[in-house]
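With the numbering used here as the guide, the letters of the sequence shown map in order to residues 358 to 1006. In this text, a Cβ means the ideal position worked out from N, Cα and C, and glycines have one as well. What follows is a single structure, written as structure tokens, with notes after it.
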Amino acid sequence: FLSSLLADAEMLGTPDPELAATMGFSGFGKKARTFDLEAMFEQTRRTAVERSRKVLEAREKDKEDQAEKEFRSPGTDSSASASSATGAGSTITQRETASSESEDSSDEELTGPSMQSKTSTQGPAEDTDDDEDGEFIGPPLPPGFKDSDNDNDDTEEEDDNPVKKIPDSHEITLQHGTKTVSALGLDPSGARLITGGYDYDVKFWDFAGMDASLQAFRSLQPCECHQIKSLQYSSTGDVILVVSGNSQAKVLDRDGFPVMECIKGDQYIVDMTNTKGHTAMLNSGCWHPKIKEEFLTCSNDGTVRTWDVNNEKKHKSVFKPRSLQGKRVIPTTCTYSRDGKLIAAGCQDGSIQIWDRNMSVHTKFHCRQAHAPGTDTSCLTFSYDGTVLASRGGDDTLKIWDIRQFKKPLNSAERLPSFFPMTDCCFSPDDKIVVTGTSVKKGGGSGKLFFFYRETFQKLYEIEVTDASVVRCLWHPKLNQIMVGTGNGLAKVYYDPVKSQRGAKLCVVKTKRKERQAETLTQDYIITPHALPMFREPRQRSTRKQLEKDRLDPLKSHKPEPPVAGPGRGGRVGTHGGTLSSYIVKNIALDKTDDSNPREAILRHAKEAEENPYWVAPAYAKTQPKTVFAEVEPEDDETDKPEWKKRKI
């Protein structure tokens, strides 16, 4: 085989000069590069042998170290280690002899039993001792390998200390505006963030498209001059629910274009069930977690309504919270359970009322004294396992409830000031931590983000966010990043480069785009306008050339049409002079109105109408066959009439 390859290479190295001249290839004049295949094979074989020898030496060293350790240990382990060492030595020597034989003759095949069988026959003590001691048989572990027991120990340490799971080592700040950021929303994939505020603006942030300058790619005012109360992406991330200070919720697509707007109800109808929509200001809203077309809103008209995106003319169902006396109460926040089967609302009388989604009349669970009466419960959220409900009250408390035992809270935290009707709380992705923010007065310190352990409600951690209130907080489960909206117009994103995924990590690594040269001039230039070609006055040309040029211009050389004499032609009406007097004379001549008595003008057709009745006479043929006309009365002398009856001229 090698000889045939060498022969082919020699043939390729000496081409026919006549063939090269015929084909026209210049490269045919050069010799092809020849390869010594035998030398290449020999070099490859030596490299393989050297590599296997190094592996065997490393194994032998490991075995020797292991034997020394076993020899130092007291008891019967010394004999076992000695036998294992001899077994290892015999195995290594056999493998070395086998490798040396393969070096001497690579073409010859090995005869006799395999190396594995030799090892098993010569070292039985090694196998039994290894089995007794629980030692591993085979090649050594790679240097980067960690024992699974060590990994379990590390994870157990992290489980014991949940503070390590909080991604707060890095942060970025997004400048929404100057007023309170009252709404935050992240799509399910975590690619886009939307912020809304008291300045009526909704801004869109794309983490993958942003650079280190952190600028929003779109800003709009979907609800004109109404503060934004809530923003949320649907479960599929293709539409956005916008709840503002008016009575009509809006749905936008991913790019901010309107999809639907809820209808406004009739505010003169007393029973809110009979109206098609809300009649007062909205307070909150959210999407159904499973059905992508359904969403929920609550309003100051005392109702909680569900809607379908495909039907904007009427709500789907109405839930009416009631006080203990059966009176209407205003719901300040609402939410779905994680499976979408329950609807919860926090009301102004301090109660939390929960309905079955398919039964809107009576509540399934309710707690009358959940928070202090007269305060706005600003947030309700269910845990990921669906059994625990967290409520953020306007009475400066944070409570968690087991909805199966809804009379008393599981745990409660106090002295958490809240000045905003949308201060919210959320659960961590592993469901072990509850997060909420606190409000501060202007100049009264820093707004903080508090982390509580769910089981004991012990305060685990706190983050000083900024010198303003912390209104919104959102912990995204896929990104493992925490979004915070503040009272001074900032949206902060906390993340950890190791624990977090995508999101803010995508934009911080991008450098700022270079500013365009046209926008920033290195030095001030003095521009004289009349020196530019567009302002330069044209040179005076001769009159003859100008006339010739005007003659070629169809507009300038157009001859005006003469006035029409006589009747009109070609779509033009004939004129009888352009003065006012000629117009009046023409109209007088064409005026053929009859100034005679109108009664005589009508009776002129009486004979013809009597002979051939068509319009009026057939209608009165039975009731009044003979026509009766009024008699002409002579004009009375007005001298005998009193003064007040005389005609005034």
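Q) Apart from the five residues on each side of it in sequence, which residues of its chain come closer than 7 Å, Cβ to Cβ, to residue 600? A) Take residue 600, set aside five residues on each side of it, and the residues of its chain with a beta-carbon closer than 7 Å to its own are 586, 587, 606, 639, 641, 642, 654, in chain order.
Q) Beta carbon of residue 738, beta carbon of residue 783: below 7 Å? A) Between residue 738 and residue 783, the gap from beta carbon to beta carbon is short of 7 Å.
Q. Under a three-way DSSP split, which group does residue 377 fall into?
A. For residue 377, the predicted structure reports a pLDDT of 49, less than 50, and the residue's modelled location is therefore unreliable. A value from the coordinates is still provided. In the three-state DSSP reduction, residue 377 falls in the helix class (H, G or I).
Q: Please list the segments of the beta strand (DSSP E) lying wholly inside the region 642-712, counting only runs of 3 or more residues, in order along the chain.
A: As summarised for the region 642-712, the continuous beta strand (DSSP E) elements at least 3 residues long and confined to that stretch are 651-656, 661-665, 674-676, 688-693, 699-704, given in chain order.
Q) Would residue 659 be called buried (16 or more neighbouring beta carbons within 10 Å of its own) or exposed? A) So residue 659 counts as buried.
Q | N-terminal and C-terminal residue of the alpha helix (DSSP H) that residue 519 is part of | A | Run containing residue 519: none; DSSP gives neither H nor E here.
Q. According to the neighbour-count rule (16 or more other Cβ atoms, all chains shown, within 10 Å of its Cβ), is residue 773 buried or exposed?
A. Its Cβ being crowded by 16 or more others within 10 Å, residue 773 is buried.
Q: Give the single residue among 767, 698, 651 whose Cα lies nearest to the Cα of residue 667.
A: With distances taken between Cα atoms, residue 667 lies closest to 651.
Q: Could you check the C-alpha separation between residue 857 and residue 674 for me, to the nearest Å?
A: Straight-line Cα distance between these residues: approximately 40 Å.
Q) Candidates 598, 710, 677, 608: which alpha carbon is nearest residue 627's? A) For residue 627, the closest of 598, 710, 677, 608 by C-alpha to C-alpha distance is 677.
Q: For the region 826-844 and the region 792-808, state whether three or more C-beta atom pairs, one from each stretch, are separated by less than 8 Å.
A: Segments in contact, yes.
Q: Enumerate in chain order the residues of its own chain whose CB-to-CB distance from residue 728 is below 6 Å, with the five nearest sequence positions on each side excluded.
A: For residue 728, where only same-chain residues beyond five positions count, the Cβ hits under 6 Å are 707, 734, 750, 752.
Q) Between the beta-carbon of residue 851 and the beta-carbon of residue 524, is there less than 7 Å? A) Contact: yes.
Q) In whole angstroms, what is the alpha-carbon distance linking residue 624 and residue 805? A) Between residue 624 and residue 805, the C-alpha separation is close to 41 Å.
Q) Quick one: Cα of residue 709 to Cα of residue 723, how far? A) Distance between residue 709 and residue 723, taken at the CA atoms: about 6 Å.
Q) According to the Cβ coordinates, are residue 591 and residue 647 closer than 7 Å? A) No; because the gap between Cβ atoms is not below 7 Å, this pair is not in contact.
Q: Would you list the one or two residues that DSSP bridges to residue 792?
A: For residue 792, the pairing in a beta bridge is given by DSSP as 783, 808.
Q | Spatially closest choice to residue 719 from 695, 683, 744, by CA coordinates | A | Comparing Cα-Cα distances from residue 719 to each of 695, 683, 744, the minimum goes to 683.
Q: Measure the C-alpha to C-alpha separation of residue 703 and residue 829 and round it to an integer number of angstroms.
A: Looking at the two C-alpha atoms, the distance is approximately 17 Å.
Q. When the Cα atoms are used, what is the spatial distance from residue 467 to residue 866?
A. Low per-residue confidence applies at residue 467: pLDDT is 42, beneath 50, and the placement is therefore not dependable enough to give any value.
**Q.** Top-ranked residue by Cα proximity to residue 713, from 696, 839, 726, 705
**A.** It is 696 whose Cα lies nearest to the Cα of residue 713.
Q.
Taking only three categories from DSSP, how would you classify residue 530?
A. DSSP places residue 530 in strand when its eight states are reduced to three.
Q: Kindly list the residues whose CB is nearer than 8 Å to the CB of residue 474, restricted to its own chain and excluding five residues on each side of it in sequence; keep chain order.
A: Its pLDDT being 38, under 50, residue 474 is placed unreliably by the model, and the measurement read from it follows with that caveat. If we look at residue 474 and ignore the five residues flanking it on each side, it has no Cβ neighbours.
(Q) Quick check on DSSP: helix, strand or coil for residue 591? (A) Of the three classes helix, strand and coil, the one that applies to residue 591 here is coil, per DSSP.
Q. How many angstroms separate the CA atom of residue 615 from the CA atom of residue 531?
A. When rounded, the distance between both Cα atoms is 25 Å.
Q) Can the beta-carbon of residue 555 be found less than 7 Å from the beta-carbon of residue 536? A) Their beta carbons are under 7 Å apart, which means residue 555 touches residue 536 by this criterion.
Q) In three-state terms, what does DSSP make of residue 955? A) Residue state, collapsed to three classes: helix.
Q. Looking at the structure shown, is residue 572 part of a helix, part of a strand, or coil, going by DSSP?
A. Coil.
Q | First through last residue of the alpha helix (DSSP H) which encompasses residue 861 | A | Note, residue 861: alpha helix (DSSP H), 861-865.
Q: Would you decide whether residue 687 is buried or exposed? Buried here means 16 or more other CB atoms lie within 10 Å of its CB.
A: Buried, since its Cβ has 16 or more Cβ neighbours within 10 Å.
(Q) If the criterion is Cβ atoms closer than 7 Å, does the pair residue 840 and residue 413 meet it? (A) No, these two residues do not count as a Cβ contact at 7 Å.
Q: Would you kindly check if the distance between the Cβ of residue 757 and the Cβ of residue 747 is under 7 Å?
A: In this structure, residue 747 places its C-beta atom within 7 Å of the C-beta atom of residue 757.
Q | Own chain, CB closer than 7 Å to residue 493, minus 5 neighbours either side, in chain order | A | Residue placement at residue 493 is poorly supported in this model, since its pLDDT is 48, which falls under 50; the coordinates are not used for a value here.
(Q) Quick check on the burial criterion: 16 or more other C-beta atoms within 10 angstroms. Buried or exposed for residue 941? (A) It is exposed - the Cβ of residue 941 has fewer than 16 other Cβ atoms within 10 Å.
Q) Of all the options 864, 635, 420, which has the alpha carbon lying nearest to the alpha carbon of residue 1010? A) The structure shown does not extend to residue 1010, since the chain is modelled only from 358 through 1006, so no value can be given for it.
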